[in-house]
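Visitor: This is the structure, below, for whatever I ask next.
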Amino acid sequence: MRARARLAGTVAEVSDALPAAPPSPAPVLLDACRGRPTSTVPVWFMRQAGRSLPEYRELRARYGFSEIVRQPELAAEVTLQPVRRLGVDAAILFSDIVTPLEAVLSGIAISPDRGPVVDQPFRSAADLDRLRPLEPATDLPYVAETIRLVRRELPAGVALIGFAGAPFTLASYLVEGGKSNDYRRTKALMYGEPALWARLVERLADITLAALDAQVAAGAQAVQLFDSWAGALSEADYRRYAQPASARVLHGLAGHGVPRIHFAVGAGHLLEAVGEAGADVVGVDWRTPLDAARRRLGALAVQGNLDPTALFAPPEALDAKVREVLAANGGRPGHVFNLGWGVLPDTDPEALRRVVELVHAEGAGAGAGRSSAGPAAGPG
Ligand code: 1CP
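The sequence shown begins at -18 in our numbering and counts up one residue at a time.
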């Protein structure tokens, strides 16, 4: 299998030896994350696994969510399902943002509809003691094993993305006890006890960093930090209460040389601040057009940003929305096509497949930045 032969050579090894012409092309997604010109625009979808695919539902009827995550053969299978069916340029590890927390803390459950639910929410300094450091080798051995299994099966051109939750978003689940509409308890803690808040998010940053370090060591080729609920903060509050802990994670990963994608929903007002936390790629939701995002983000690559509801529109209308996104980027290098948030549960997989085909076809036509003066190392 061609894929297997290429697994041994990491991108870093290859480009160290031959910076001008790597013999075995890196997955196109990694080049796009690095702002290099690519032969077409790479595309994957946040929450592409486990949401809309019938093959996932079939498996899920027989196994619980956490059961799948903890059995590497099953987790690897679910990770690979969207690659097979949709032809995307990346797989995303099948896991959840609270998986590392579940390993160090009892009383967390993941409900299919509500998401993570915490029995005893965090409210005081005493609760911090419940959050011990993560030791991935013993706490999350199944995650590393899943990654190794996936890398063995993944075609050479398809990248594996690892992920974790950002400290603010994780803290919001711990403090609220679940998902919240207004984050009132989280913000009350933040504003009322800033020193305790700082210790909480610092501890969460260390857990997240340890989890991501282990994912990269096992073979994840890029990582995404999901700060899903950071959009609830003003820019000043984000910079003060959330960004430092996310920066601790992102800067901590710098030595690995893997692209770091950083994403928050409803966070157009935070775009610069999210980028400044130390990302290589900023995920942009559908409310901010990519041309505006790129003006504000300077040299950073962008990921996004088709409105997930566009997948429910008739095919021609969907095509037009996809073309709008491509046109807003204007063929510049450093664009990873994605949705502006996760795939909605009832999305027709056929619509997702259609988007992949169209992005690949039109992205190649647009040149994906080939006319621009990017670094020469990209395979083109
Ligand atoms: O592509 C994938 O779906 C890969 C695996 C994955 C990822 C990347 C899951 C599996 N969860 C996540 C990330 C995640 N989980 C985020 C960040 C992304 C986002 O904002 O959507 C958040 C906030 C969560 C928390 C969570 N877990 C929720 C609430 C948010 C939401 O999605 O509505 C829920 C419902 C879960 C449970 C969950 N996680 C994953 C799945 C497949 C499920 C459903 C559980 C099931 O099948 O029973």
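Even glycine gets a Cβ: it sits at the ideal position worked out from N, Cα and C.
How would you call PRO296, buried or exposed, if buried means at least 16 neighbouring beta carbons within 10 angstroms?
Guide: When all chains shown are included, PRO296 counts as exposed.
Visitor: When you compare the CB positions of ARG28 and GLY323, do they come within less than 8 Å of one another, or not?
Guide: Contact flag set, yes.
Visitor: Is the closest heavy atom of the ligand MG to the C-beta of SER20 under 7 Å?
Guide: As far as ligands go, the structure on display features the ligand 1CP and does not contain the ligand MG.
Visitor: What do you get for HIS172, buried or exposed, if any count of 16 or more other CB atoms within 10 angstroms of its CB means buried?
Guide: For clarity, residue 172 is Tyr in the given sequence; the question names His instead. Exposed.
Visitor: Would you check whether the ligand 1CP has a heavy atom nearer than 7 Å to the C-beta of MET27?
Guide: MET27 Cβ: within cutoff of the ligand 1CP.
Visitor: Say yes only if the C-beta of ILE128 is nearer than 7 Å to one or more non-hydrogen atoms of the ligand 1CP, and no if none qualify.
Guide: Checking the Cβ of ILE128 against the ligand 1CP gives no.
Visitor: What are the uninterrupted segments assigned as alpha helix (DSSP H) that are 4 or more residues long and contained completely in the segment 167 to 205, given in chain order?
Guide: Taking only runs of at least 4 residues, the alpha helix (DSSP H) segments lying wholly in the segment 167 to 205 are 175 to 199.
Visitor: Taking a contact to mean a Cβ-Cβ separation below 8 Å, would you say VAL337 touches GLY31 in this structure?
Guide: No, the pair does not count as a contact, with Cβ atoms beyond the cut-off.
Visitor: Rounded to whole angstroms, what is the Cα-Cα separation between ALA342 and ALA291?
Guide: When rounded, the distance between both Cα atoms is 19 Å.
Visitor: What are the boundary residues of the beta strand (DSSP E) that includes LEU141?
Guide: Unbroken beta strand (DSSP E) run through LEU141: 140 to 146.
Visitor: CA-CA distance, ASP327 and PRO175?
Guide: Near 40 Å, if we compare the C-alpha coordinates of PRO175 and ASP327.
Visitor: Hey, is GLY236's beta-carbon within less than 8 Å of any beta-carbon in chain C?
Guide: You won't find chain C in this structure, because it holds only one protein chain.
Visitor: The ligand 1CP and VAL383: does any heavy atom of the ligand fall closer than 7 Å to the residue's C-beta?
Guide: Residue 383 lies beyond the residue range present for the chain, which begins at -18 and ends at 361; the question has no answer from this structure.
Visitor: Would you identify the three-state DSSP class for PHE26, choosing helix, strand or coil?
Guide: Looking at PHE26 - three-state DSSP - the assignment turns out to be coil, as it is neither helix nor strand.
Visitor: Measure the C-alpha to C-alpha separation of ILE91 and GLU305 and round it to an integer number of angstroms.
Guide: ILE91 and GLU305: Cα-Cα distance of roughly 36 Å.
Visitor: Beta carbon of PHE103, beta carbon of THR150: below 8 Å?
Guide: Cβ atoms of PHE103 and THR150: not closer than 8 Å.
Visitor: Is there contact here, the segment 231 to 242 with the segment 153 to 170, by at least three beta-carbon pairs under 8 Å?
Guide: Contact between the segment 231 to 242 and the segment 153 to 170 is absent, because fewer than three Cβ pairs lie under 8 Å.
Visitor: Mind checking who ILE73 pairs with in its DSSP beta bridge?
Guide: Partner(s): ILE142.
Visitor: Assign PRO81 to buried or exposed, taking buried as 16 or more other Cβ atoms, counted over all protein chains shown, within 10 Å of its Cβ.
Guide: Buried is the call here.
Visitor: By the three-class DSSP mapping on this structure, what secondary structure does ILE78 have?
Guide: Note: ILE78 maps to coil in three-state DSSP.
Visitor: Within the same chain, show all residues whose beta-carbon is closer than 6 Å to that of GLY344, passing over the 5 residues directly before and after it, in chain order.
Guide: Cβ neighbours of GLY344 beyond the five flanking positions: THR21, VAL22.
Visitor: Among VAL139, TYR154, ALA140, which one has its Cα closest to the Cα of GLY146?
Guide: Of the candidates VAL139, TYR154, ALA140, the one whose C-alpha sits nearest the C-alpha of GLY146 is TYR154.
Visitor: In terms of residues, what are the limits of the alpha helix (DSSP H) holding HIS243?
Guide: Not the alpha helix (DSSP H): HIS243 falls in the beta strand (DSSP E), residues 241 to 244.
Visitor: Could you give the distance in angstroms between the alpha-carbon of VAL99 and the alpha-carbon of GLY138?
Guide: Their Cα atoms are separated by approximately 39 Å.
Visitor: ALA106: buried (16+ other C-beta within 10 angstroms of its C-beta) or exposed?
Guide: Classification of ALA106: exposed, given that the 10 Å Cβ count is below 16.
Visitor: Where does the unbroken beta strand (DSSP E) through VAL99 begin, and where does it stop?
Guide: Its beta strand (DSSP E) spans residues 96 to 99.
Visitor: Could you give the DSSP three-state label for GLN224: helix, strand or coil?
Guide: Here GLN224 sits in helix by DSSP.
Visitor: In terms of residue numbering, what span does the alpha helix (DSSP H) encompassing GLN390 cover?
Guide: Examination of residue 390 is not possible in this model, given that the chain is present from -18 through 361 alone.
Visitor: Does the Cβ of VAL263 lie closer than 7 Å to at least one heavy atom of the ligand 1CP?
Guide: No, Cβ of VAL263 sits at least 7 Å from all heavy atoms of the ligand 1CP.
Visitor: The alpha helix (DSSP H) that contains GLY256, what's its start and end?
Guide: Its alpha helix (DSSP H) spans residues 252 to 257.
Visitor: According to DSSP, simplified to helix, strand and coil, what is LEU292?
Guide: Residue state, collapsed to three classes: helix.
Visitor: Can you list, in chain order, the residues of its chain whose CB lies under 8 Å from that of ASP120, leaving out five sequence neighbours each side?
Guide: Once the five neighbours on either side are set aside, the close Cβ partners of ASP120 are PRO81, ALA84, VAL85.
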